[in-house]
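A.B. asks: The opening residue of the sequence shown carries number 48 in the numbering used here; numbering runs sequentially from there. From the three backbone atoms N, C-alpha and C, an ideal C-beta is built for every residue, glycine too. Source: prediction; values computed, not measured. Take a look at the following structure, please.
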Amino acid sequence: MSDYAAPLKDMEFVINELGNLARLAELPGFEDASADLVAAVLGEAGKLAAEVLAPLNRIGDTQGSRLVDGIVHTPDGWKDAYQVFVDGGWSGIGFDAEHGGQGLPALVCAAVHEMWDAANLSFSLCPMLTQSAAETIMRHGSAEQRARFVPKLISGEWAGAMSLTEPQAGSDLSAVRTRAIPAGDHYLLSGQKIYITYGDHDLTENIVHLVLARTPDAPPGVKGISLFIVPKRLGNGTGTAWEGNDVTCVSLEHKLGIHASPTAVLSYGERGGAIGYLVGQEHHGLEYMFTMMNIARHAVGLEGLAIAERARQQAVGYARQRIQGRPIGNKQSDRVPIIHHPDVRRMLLGMKAQIEAMRAVAYVAAAHFDWSRHSLDDKAREKHQARLDFLTPIVKGWCTELGSEIADLGLQVHGGMGYIEETGAAQHLRDARITRIYEGTTGIQANDLVGRKVLRDGAATARSVIDDMRRTASDIAGAPGAGLDDVRHALNGGIAAVAATTDWMVEAASRDPRLPAAAAVSYLMLWGTVLGGWQMARAAGAAAKRLALAPVPGDAEFLRSKLATARFYALHNIPRALALRDVIIEGSDAVLDTAAEPD
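Structure (structure tokens):
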């Protein structure tokens, strides 16, 4: 099984050229985020991913986490790797220095998280949830809660977990039944939660659970949900002794993939009630939890990208060394590595082009997060927040759908050997599959995109994105660079498709609100496809400009490859937008045809 190497050159290109790091570095708090510093951080993160995390990926898959006598044991090497991670200060890279972090932009953190996800997805889920928990408490917790919990989470000494789902509720959080009874300065919680990623483990001395529950007078539905901090262990006030809270790991799920990540069934209150602390106000829990969920949704989109990159690297490595067949048109030649065969090239180039498009869209979304938090201009913050809100369900849904598709394609490159577990190709496909489900399925992301991000504002944000895409198409017209005409022509076709379907969505909603819902997933995939084409066009334009400045030989090769990959994406992927347009506009009513009821 081939090793993982972070694609540093492409990461830095996207960060600098598409995420516009230089402009971000002008914002308050990012003054030290120079290109040189970022390159150094990415280099060290790449070493951690390649040398510490990646070698444990297969071990974690085969051993898994185990629950023995009430204690969760992570696989061999997990605790040592986590200590290396903590000692390096990696848990706090995106937090301000005043809270013990390194203060790096989310744009840079996105690249670092991609590395960890690609190297070892099961491992990376723990710090991702910990950082999301810290962010939620920082934004919505009291001063005492921030002082008590956030420093330990940022340092990685404690871990965080998100306890939402219940057996009877699934994704319908309005059906949450966990109870929280007031008891002086705290609450006593009782109930059961399922599918809790890293709900229990042996990596840290404490786990900070963020739990959704209902108080006795809570109204029904999502308006009655409150959010509570429930530590696994409680301090006695001396700072030297800890006692267990009333939180029990009942079992660990047996899963298709991410075996090393302990997915727990948790019981709260078997001994009278788990002590929890209310975050913010009662009945505002879902609002607060969306802080954590939206961060996690973008992070899961990065997981789809990362698994695709890991699968691609392994497929390329295999294709270079697997000798089979002779070149087409030259039967007298010696047998050659399969990477020389046109169909294998088609698969590998398709993987590369889509991955670069996914990376660009996901990183640019992270840059909008930075602007929404750090810009000094109120209107600019609002604009970037709206753009981030719009992009988040697309990053989550589109990148995870493609992540599974590309992992499957990587297995196809291996042929029969891909179906054999020892090669490792199958693990990527198994690990990738969950990303399309947790933190909200693709259907949930699509309904969020249509209902909250398009129809709610009359498609104003969507149309502003369309305007920006049209400006890019205009900007690259006539620019020097092989294939840019193909890129521009394809992008214009994709823009027209997404504009037409957006207009249809608004009109169809007035006729039958079920129609946009029937078209939602296709609409999300259409947007992802065209946004990917947009960012690849921006990348091609930047590459062409840099090539015109006579770059050094190593850079020139990379830039020419960027142009070729953008053209491949334009000709092989953007045309899918035209088919999706027809599916949405012409085919949505077929979903609602009562004569075609599913058997």
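(1) Would you give the residue range spanned by the beta strand (DSSP E) that Tyr315 belongs to?
(2) Taking only runs that begin and end inside the stretch 176-239, name each unbroken alpha helix (DSSP H) of 4 or more residues, in chain order.
(3) With the cut-off set at 8 Å, would you say Leu594 and Ala537 are in Cβ contact?
(4) Classify Tyr410: buried if its beta carbon has 16 or more other beta carbons within 10 angstroms, exposed otherwise.
(5) Should Gly319 be labelled buried (16 or more other beta-carbon atoms within 10 Å of its own) or exposed?
(6) If we count the other Cβ atoms within 10 Å of its Cβ and call it buried at 16 or more, is Ser171 buried or exposed?
(7) Starting from Phe132, trace the beta strand (DSSP E) both ways and give me its first and last residue.
(8) Run the CB neighbour count on Ala642, radius 10 Å, all protein chains shown included, and call it buried at 16 or more, exposed below.
(9) So what does DSSP say about Ser273, is it helix, strand or coil?
(10) Give the list of continuous beta strand (DSSP E) stretches no shorter than 3 residues that lie fully inside the stretch 437-478.
(11) Please classify Leu274 as buried or exposed, where buried requires at least 16 neighbouring CB atoms within 10 angstroms.
(12) Over the uninterrupted beta strand (DSSP E) stretch that includes Leu114, give me the two end residues.
(13) Could you give the distance in angstroms between the alpha-carbon of Thr285 and the alpha-carbon of Gly327?
(14) I'd like the list of long-range same chain contacts for Gly93, defined as Cβ closer than 8 Å, with 5 residues on each side in sequence excluded.
(15) Ignore the nearest five residues each way along the sequence and tell me which others in Thr287's own chain have a CB closer than 8 Å to its CB.
(16) Can you grab the Cα-Cα spacing for the pair Ser49 / Ala97, in whole Å?
(17) Assign Pro278 to buried or exposed, taking buried as 16 or more other Cβ atoms, counted over all protein chains shown, within 10 Å of its Cβ.
(18) May I have the straight-line CA-CA distance separating Ala509 from Lys430, to the nearest angstrom?
(19) At the level of alpha carbons, what is the spacing between Lys426 and Ala433?
(20) Can you tell me where the beta strand (DSSP E) with Ser422 in it begins and where it stops?
(21) Considering only residues of the same chain and omitting the five flanking positions on each side of Asn539, which have a CB-CB separation below 6 Å?
(22) Taking the Cβ atom as the reference point for each residue, do Arg483 and Glu448 lie within a distance shorter than 8 Å?
(23) Which value, in whole angstroms, describes the spacing of the CA atoms of Val312 and Gly246?
(24) Among Gly304, Leu349, Asp515, which has the Cα closest to the Cα of Gly107?
(25) Where Gly530 and Asp390 are concerned, what is the direct C-alpha to C-alpha distance, given to the nearest angstrom?
(26) Alpha carbon to alpha carbon, how far is Arg382 from Val442? Give it in angstroms, no decimals.
(27) When DSSP builds the beta bridges, which residues end up paired with Ile254?
(28) Can you tell which of Thr212, Met583, Gly634, Leu103 has its C-alpha closest to the C-alpha of Ala407?
(29) Using the beta-carbon count (16 or more within 10 Å), is Gly351 buried or exposed?
(30) What do you reckon, are the CB atoms on Ala404 and Leu154 nearer than 8 Å?
(31) Can you give, in chain order, each stretch of the alpha helix (DSSP H) that sits fully within the stretch 289-372 and has at least 4 residues?
(32) Determine the burial state of Tyr466: buried for a count of at least 16 other Cβ atoms within 10 Å of its Cβ, exposed for fewer.
(33) With distance defined between alpha-carbon atoms, name the residue in Ile140, Glu486, Gln361, Ile322 nearest to Ala260.
(34) Please report the Cβ distance between Glu59 and Leu89, rounded to the nearest whole angstrom; I am assuming they are in contact, meaning their Cβ atoms lie under 8 Å.
(35) Go ahead and label Asp417 buried or exposed: buried means 16 or more other beta carbons lie within 10 angstroms of its beta carbon, across all protein chains shown.
C.D. replies: Checking against the coordinates, here is how it stands:
(1) Per DSSP, Tyr315 belongs to the beta strand (DSSP E) from 310-315.
(2) 190-202
(3) Contact flag unset, no.
(4) buried
(5) exposed
(6) buried
(7) Where Phe132 is concerned, there is no enclosing beta strand (DSSP E), although the alpha helix (DSSP H) it sits in stretches over 125-134.
(8) exposed
(9) strand
(10) none
(11) buried
(12) 113-115
(13) Low local confidence applies: a pLDDT of 45 at Thr285 is under 50, so the model's placement there is unreliable, and no value is given.
(14) Ala52, Ala53, Leu55, Met162
(15) At Thr287 the pLDDT is 49, less than 50, meaning the model places this residue with poor confidence; the figure from the coordinates comes in the next sentence. Within the same chain, Thr287 has no close Cβ partners at all.
(16) Unreliable placement is indicated for Ser49, whose pLDDT of 49 sits below 50; no coordinate value is reported for it.
(17) buried
(18) 12 Å
(19) 11 Å
(20) Looking at the DSSP string, Ser422 is not in any beta strand (DSSP E), and its letter there is neither H nor E.
(21) Ala520
(22) For the pair Arg483 and Glu448, the CB atoms are nearer than the 8 Å cut-off.
(23) 8 Å
(24) Gly304
(25) Approximately 21 Å between the Cα atoms of the pair.
(26) 42 Å
(27) Ala206
(28) Met583
(29) Burial of Gly351 is indicated by the presence of at least 16 other C-beta atoms within 10 angstroms of its C-beta.
(30) It is not a contact, given that the beta carbons lie outside the stated cut-off.
(31) 332-368
(32) Answer is exposed; the Cβ neighbour count stays below 16.
(33) Ile322
(34) 7 Å
(35) buried
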